Structures are given as C-alpha cells and as structure tokens.
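**Q**
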Amino acid sequence: MRKVVITGMGAFSPLGIDRHSTFANALSGRSAVEPAPAEIAQWLPHVLVAPAAADPEPLLDRKYAGVDRATQFALLATHEAATEAGLAGPPPDSRRFGVFAGIGFGGAQTVDGLYARFYKTLYDPGSQHRDPTVLHPLSVPRMMANAPAALISMRYGLHGPSNTYSIACASSAVAVGEAYRAIRHGYLDAALVLGTEAMLTPGSLMAWNALRVMAKPDPVTVARSCRPFAADRTGFVLGEGAAAMVVESEARASARGATIFAEVCGYGCSSDADHLTAPSAAEQVNAMRQALDEAQLLPAQVQYMNAHGTATETGDVVETQSIRTVFGPAADRLAVSSTKSMHGHLIGASGILEFALSVMAMNSGSLPPTANLENPDPRCDLDFVPLTARHECDIGAVMSNSFAFGGSNAVLIARRFAS
Amino acid sequence: MAGFHTVNRKRQMLEDVIKTYLINEKQVDPAKFDIPDLQVSALQLDSLDMVEMLFEVEDRCGFRLPDPMRYLTMSFADMVADIEAAVHAHGNGDLPDWVATKPET
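Residue numbers (my numbering), protein chains in the order written: chain A, 1 to 419; chain B, 1001 to 1105.
Here is the structure:
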C-alpha cells in the first residue's frame, strides 16, 4: 500500500476567498450567516444563508462567464490548491492524474435561472413576440453534475478519470476518500479533489424551507443563529462555496520535492439503509471504525475532530453518541468542533472544506471553535471547543465526519506526515 | 414599409452581432472577415460553437433558427442573409429593432 499525501489545498468559502482567510476567520469565531437576499426574503422572510465571501465570476477568466456558479467556485478553489502543488498545466504523467469531485445539487443556479427566464418571458407583456423555450444551448452542459470536474480536467489537462460523487452532505468527503483509495491502491499517482455547491437560489431554498430543518434567525444577532450542539439550536444554515486538495503518492511528491501538508491515512464509508433523513449511530460508528482501522490508529491517537454537527437535534445527539461509542474513554480528551456554526452547511463542499480546516488545525496547533455554543445540550457532552479557538495544541491526527441525507456516512483521517 | 437605409443598417447590426460574438467568444481572427467569399467552414466552428453563435441571434429575436448545421456549407455572407431572411419572416416583413439588444435574463 502506498502512502497518500496532501500537497495543495484551496478554499473559496463564506469565511474567505482562500484557505488561509477561511481558516483565520474560523479561528476568530466569525460567522458568515446573514439574512437571505431580497429576492428570496420576499417569500421566505426568516430564511438565512451563508453566502460566499465574494462573487466568483469577476475573479475568473471571461471564458468562464455563464458557467454555473458551483463550477466557478470550484475553479477558484482548485486554482489555489493546484498553485500550491505546482500544477499550472498538463503534467507529464497526466494519465495518472485524476479529478474527483463532490457536489450535492449540480447546476442549481442554471436550473433556477432557466425556469425564471421561461416564466418571465411567458408572463411579461413586453415579451409576447418571444418564444419562452428559447434557452441557452449550453444549459445542459452547465447544469450537469459533472460540469465542475469536466472543466477542471480540461483546465489542467488531466487525463485520468474525472469522477463526480453526489452523496448529499458527504459528497466531497467521499471524493477525497475515493481519490485516496485510487492512489493508495496504485490506480493513479495523483488527483485534484474538489467539493463545490451553489444552491442559494429561490427554488432550492424554498425546497429546503419545506423540509423544516433551517435555523431560525437569532432575535438579537442574526450571525449567531446556527448553534450546533446547543440546547437552543434551531437548525442549520445553507452555505455555498468550494474547497479543493491535491493528493498524490508520497513517492511522486518526494520525487518532485513537493511540500507535504499531511498524510491522508484513513477513510470509512457506510450506509444506514434505514431512513431518508434521520441518522443511525450504528453506521456512523462503523464508518469511523473503518477509518481508524485503515489508519492503524487507536482512538486516543486522534486529538481533533471536525464533526458533521449540523445543529439539528437528532443529528447532534446521535453524532455525540457515535463519537462516545467509538472513542470510549478517549472521547473525553478529544476536541470536537462544528465549523458549520460559522460557514454554514456547504452540502457537497462541506466534507472537503471541513477536512481541509482539520488539516490546517493539525498543522497550526490552533483549533477552530464551535461558535455560538453558549448553552450546551446536556445530551451533547463532549469537549466542543465552545465559542473561542484553542491554541498551542499538539495534534498528531484529525478526523472529519460527514453524514448525508440518504444515510451515507463518510469519515476521513489525516495525520502529520512522517517519511 | 422600412426604408432602404434602415434595412441596411439593421442587416449590418445583425452581421455585427455575429462577428462580435465570434471574435470575442470564439477567438476568430477579425482579419478573416475581410476575406472575400469567406466560408463558414473556414471559421472552424464545431457543432456546439454553431448553436452558441446562433443563440446570440435567437436570444435577441425570441425564436429558434432551424437546422444550424446547414450553415456549414454556406459562405458567411449567405449565412447572414439566410438568418436575416428568417428574422425578417418572423418579424412580419421587417428586421425588428430588438436585434440590437439582448433581453434581460
């Protein structure tokens, strides 16, 4: 089995337009949660969002104007990761270099825009001469779920597989895990991995609102409305953005003298096969144990966990139980935080964003907090690093949990790299 | 009935919409449009490029042009004339002013 290492990371998130500003704002406990814009608030006045820190389109080459917003986020996050890893164009071993992408709802902006245009044309008295079905010919290639992976393989000339995983909230954790496996088992030597999501659209927010899982606005400070593991939690906040990583075999990274940020050493995945939305402790435990076994780590050797921690009552309580079951007595020495309290839930991008934040926490020794956790739920009795970051921590390994609607669970472990 | 100069101005507008799109979005060398009897095939557009190019007109005129691939066997001038005729027919005998402006999306 080959060692798999991380040689580049990038993020374009509600907390920042790159990974360093994202991590710095996470450490400061800054929340990006705000009221939804007017076009959504007119129908859903209580809906909150965590929008990306900047509009992506002006930051990209004009040839990417009009591609779906999720693809634009992906292009920016992968650019940062690729630049760190010294990847600017087609590498000599391009057939051994793949793209692994995670996305929950591909093309949300394109689909919403398409319907908006159709009905606007249909009902606008000034457009009676127009056929409402005349739509942009690239609507399909823009909205398809694999659009980000496709454009990124083209951007960097990567001829290995370009695979897209759509597993709701676990999408990009699975993308990292599957890329790791492909390299570990020798199918590939390197991969550009990304997760992206851009569904802060009227259509998708109406759908999320109907599910009744969205946080209610805090009456005093809207930014503190998302409160994972708190007794006064009210649900989660949808975010948007992307994160990316370059992962490669240790041999490839060493041969080219690359800076190695961490080793990806464990991946577990499982399915509850039980309920569309309610989680199952048994299969979360199964996924965490798979990852620990693969990493050949004891629970006590993992010092930090970025929890799934969505701030839904069932989710928080079941995840706490699962962590206690897996970690046993070591659970009381494990620092756990949910950074979703600040950047919101990025669905398809959340797994890789939170894994990247975990790796940065390990390398810096600074742990981002669970923001807004002033009134802990007594059933959630772990060390959730409440309210403020913790510094000068000695972290040898980190775990990141991603548990999806549909019952899919994915768990990743990284540890400090030692050659 | 529209005057001769108005018709010519609108035809030029239509041609400019197509040329500008090809130069700016498909990196076609502007000098190519100086070639007498320029063939559409010489623009080296693939099928996706063709439908994107036609959408520039369709988006402004609000109807769909039929069978884009037939333009590959025409000269550029004949293609513009053909598109003009289609727009003309759709507009009940006149090239509409809205050829010059894209609708809000």
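Note that beta-carbon positions come from the ideal geometry of N, C-alpha and C, so glycine has one too.
Just so we're clear, the structure is a prediction, and the values are computed from it rather than from any experiment.
Mind listing the chain A neighbours of Val1051(B)? Cutoff is C-beta to C-beta under 9 Å, in chain order.
**A** Result: Pro137, Leu138.
**Q** If we define contact as Cβ-Cβ less than 7 Å, is Val67(A) a contact residue for chain B?
**A** No, its Cβ sits nowhere closer than 7 Å to a Cβ of chain B.
**Q** Taking Cβ-Cβ distances shorter than 8 Å, what residues in chain A pair up with Arg1064(B)?
**A** Near Arg1064(B) (Cβ distances below 8 Å), the residues of chain A are Asp131, Thr133, Val134.
**Q** Could you check if Pro219(A) is buried or exposed, using at least 16 other CB atoms within 10 Å of its CB as the buried criterion?
**A** Exposed, because fewer than 16 other Cβ atoms sit within 10 Å of the Cβ of Pro219(A).
**Q** Within 7 Å (strictly less), CB to CB, does Glu1056(B) reach chain A?
**A** No, no contact with chain A.
**Q** Could you tell me the distance, in whole angstroms, from the CA atom of Phe327(A) to the CA atom of Leu188(A)?
**A** When rounded, the distance between both Cα atoms is 33 Å.
**Q** Does DSSP put Met1001(B) in a helix, in a strand, or in coil?
**A** The pLDDT assigned to Met1001(B) is 48, lower than 50, so where the model puts this residue is not dependable, and the model offers no usable value.
**Q** Where DSSP assigns a beta bridge to Asn401(A), which residues make up the other side?
**A** Paired residue(s): Val411(A).
**Q** Could you name the residues of the same chain whose beta carbon sits closer than 7 Å to that of Thr339(A), not counting the 5 residues immediately before and after it, in chain order?
**A** Excluding sequence neighbours, Thr339(A) sits near Ala26, Asn306, Glu354, Leu357, Pro368.
**Q** Looking only at its chain, what residues have a beta carbon closer than 6 Å to the beta carbon of Asn146(A), apart from the 5 residues adjacent to it on each side?
**A** Once the five neighbours on either side are set aside, the close Cβ partners of Asn146(A) are Thr164.
**Q** Taking C-alpha atoms, which residue in Pro228(A), Leu200(A), Val237(A), Glu197(A) lies nearest to Ala215(A)?
**A** Checked all of Pro228(A), Leu200(A), Val237(A), Glu197(A); the closest Cα to Ala215(A) is Val237(A).
**Q** Between the segment 68 to 84 of chain A and the segment 167 to 174 of chain A, can you find at least three pairs of beta-carbon atoms closer than 8 Å?
**A** Output reads no: the segment 68 to 84 of chain A does not touch the segment 167 to 174 of chain A.
**Q** Starting from Glu283(A), trace the alpha helix (DSSP H) both ways and give me its first and last residue.
**A** Glu283(A) -> alpha helix (DSSP H) spans 281 to 295.
**Q** Got a sec: is the Cβ-Cβ distance from Lys1032(B) to anything in chain E below 7 Å?
**A** Although the question refers to chain E, the structure presented lacks it and instead comprises the protein chains A and B.
**Q** Which same chain residues end up closer than 8 Å to Ile152(A) when comparing Cβ atoms and leaving out the 5 residues on each side of it in sequence?
**A** Ala74, Leu75, Thr78, Val99, Ala101, Leu158, Ser162, Leu192, Leu194.
**Q** Using only alpha-carbon positions, find the residue among Ala300(A), Glu319(A), Ala349(A) that is nearest to Val398(A).
**A** Checking every option, the nearest Cα to that of Val398(A) belongs to Ala300(A).
**Q** Starting from Glu248(A), follow the beta strand (DSSP E) in both directions and report where the run begins and ends.
**A** Here the beta strand (DSSP E) through Glu248(A) covers 241 to 249.
**Q** Looking at the structure shown, is Leu192(A) part of a helix, part of a strand, or coil, going by DSSP?
**A** In the structure shown, Leu192(A) sits in a strand (DSSP, three-state: E or B).
**Q** Quick test of the definition: if touching needs 3 or more C-beta pairs under 8 Å, does the segment 266 to 276 of chain A touch the segment 32 to 39 of chain A?
**A** Counting Cβ pairs under 8 Å, fewer than three are found: no touch.
**Q** Closer than 7 Å, Cβ to any Cβ of chain A: which residues of the segment 1063 to 1085 of chain B, in chain order?
**A** Residues passing the 7 Å Cβ filter: Phe1063, Arg1064.
**Q** When the Cα of Glu313(A) is compared with those of Ala231(A), Val140(A), Gly241(A), which residue comes out closest?
**A** Of the candidates Ala231(A), Val140(A), Gly241(A), the one whose C-alpha sits nearest the C-alpha of Glu313(A) is Ala231(A).
**Q** How should Leu1048(B) be labelled, buried or exposed, when 16 other C-beta atoms within 10 angstroms of its C-beta is the threshold for buried?
**A** Exposed, since its Cβ has fewer than 16 Cβ neighbours within 10 Å.
**Q** When the distance is taken between beta carbons, is Gly344(A) closer than 7 Å to Gly239(A)?
**A** Yes. Within cutoff.
**Q** With DSSP as the reference, label Asp124(A) as helix, strand or coil.
**A** Coil.
**Q** Can a CB atom of chain A be found closer than 7 Å to the CB of Leu1014(B)?
**A** Not closer than 7 Å to any Cβ of chain A, the Cβ of Leu1014(B) fails to qualify, so no.
**Q** Name the DSSP beta bridge partners of Leu158(A), please?
**A** According to DSSP, which records beta bridges pairwise, Leu158(A) is partnered with nothing at all.
**Q** Just verifying my parser: in three-state terms, what is the DSSP assignment at Glu263(A)?
**A** If DSSP states are grouped into helix, strand and coil, Glu263(A) belongs with the strands.
**Q** Taking the runs of the beta strand (DSSP E) that are 3 residues or longer, which of them lie wholly in the segment 46 to 131 of chain A?
**A** Qualifying beta strand (DSSP E) stretches, in chain order: 48 to 50, 97 to 103.
**Q** Under DSSP, the alpha helix (DSSP H) around Met362(A) begins and ends at which residues?
**A** Per DSSP, Met362(A) belongs to the alpha helix (DSSP H) from 350 to 364.
**Q** Going by CA-CA distance only, name the one from Phe12(A), Gly235(A), Pro137(A) that's closest to Glu1058(B).
**A** The option with the nearest alpha carbon to Glu1058(B) is Pro137(A).
**Q** For Asn306(A), report the span of its beta strand (DSSP E) as first-last.
**A** Per DSSP, Asn306(A) belongs to the beta strand (DSSP E) from 304 to 306.
**Q** Taking Ala361(A) as the reference, give the member of Ile6(A), Arg390(A), Arg30(A) with the closest Cα.
**A** Among Ile6(A), Arg390(A), Arg30(A), the Cα nearest to that of Ala361(A) is on Arg390(A).
**Q** Return the chain-ordered list of same chain residues with a C-beta closer than 6 Å to the C-beta of Glu294(A), the five sequence neighbours on each side being excluded.
**A** So the qualifying residues of the chain are Gly266.
**Q** List the whole-angstrom C-beta distance separating Val4(A) from Val264(A), where the pair is believed to meet the contact cut-off of C-beta under 8 Å.
**A** Right, their Cβ atoms sit about 5 Å apart.
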